[in-house]
Every structure is written in structure tokens, then in C-alpha cells.
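If you count by UniProt numbering, then the sequence shown holds residues 1 to 63, one letter each, in order.
For every residue, glycine included, the Cβ atom is placed at its ideal position computed from N, Cα and C.
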Amino acid sequence: MVERHGHDLTDWVSDVDAVTAGLTLEHSSGPVERHVNRTKMLKRQMYERANVDLLRKRVIHLE
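Laid out in C-alpha cells, this is it:
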């Protein structure tokens, strides 16, 4: 699969309808992903530094 070409799309994509819908619909999971990534970042920063209460306060403060 080193050389993929657009005309071969139907050969190597198993669900063309799902891919087409994902590329053309206006819906996005961006806002949800932003919150998930921010929470993961805080968890990484707080790992073994403080207890869960401080982590909870930081997450609530950012929202």
C-alpha cells in the first residue's frame, strides 16, 4: 500500500458510505475531543503530584 491512488479508493476502503459521510457531513466530534484531550493533559500533569480532589478542582475550573 505504498502507492495509493484515488481511483483505487473502492478497492482498499471497506465501507465507502461511512468514509463519504465522514468527509461530507457537517457534524464534528471536535468539541468533545477538546474536553477529553484537556482532561488527559491535566491527568498527565498531576500524575503522582496531588490527590484526586485537586485534579477535580482543576478540571472543574477549566470548564
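- Bounds of the alpha helix (DSSP H) holding H35 are 30–46.
- The same chain holds no residue with a CB closer than 8 Å to that of S29 once the five nearest residues on each side in sequence are set aside.
- By the CB criterion at 9 Å, K43 and L55 fall inside the cutoff.
- Straight across, the Cα-Cα distance linking H7 with E26 is about 25 Å.
- Contact annotation: T39 and V59 have beta-carbon atoms nearer than 9 Å.
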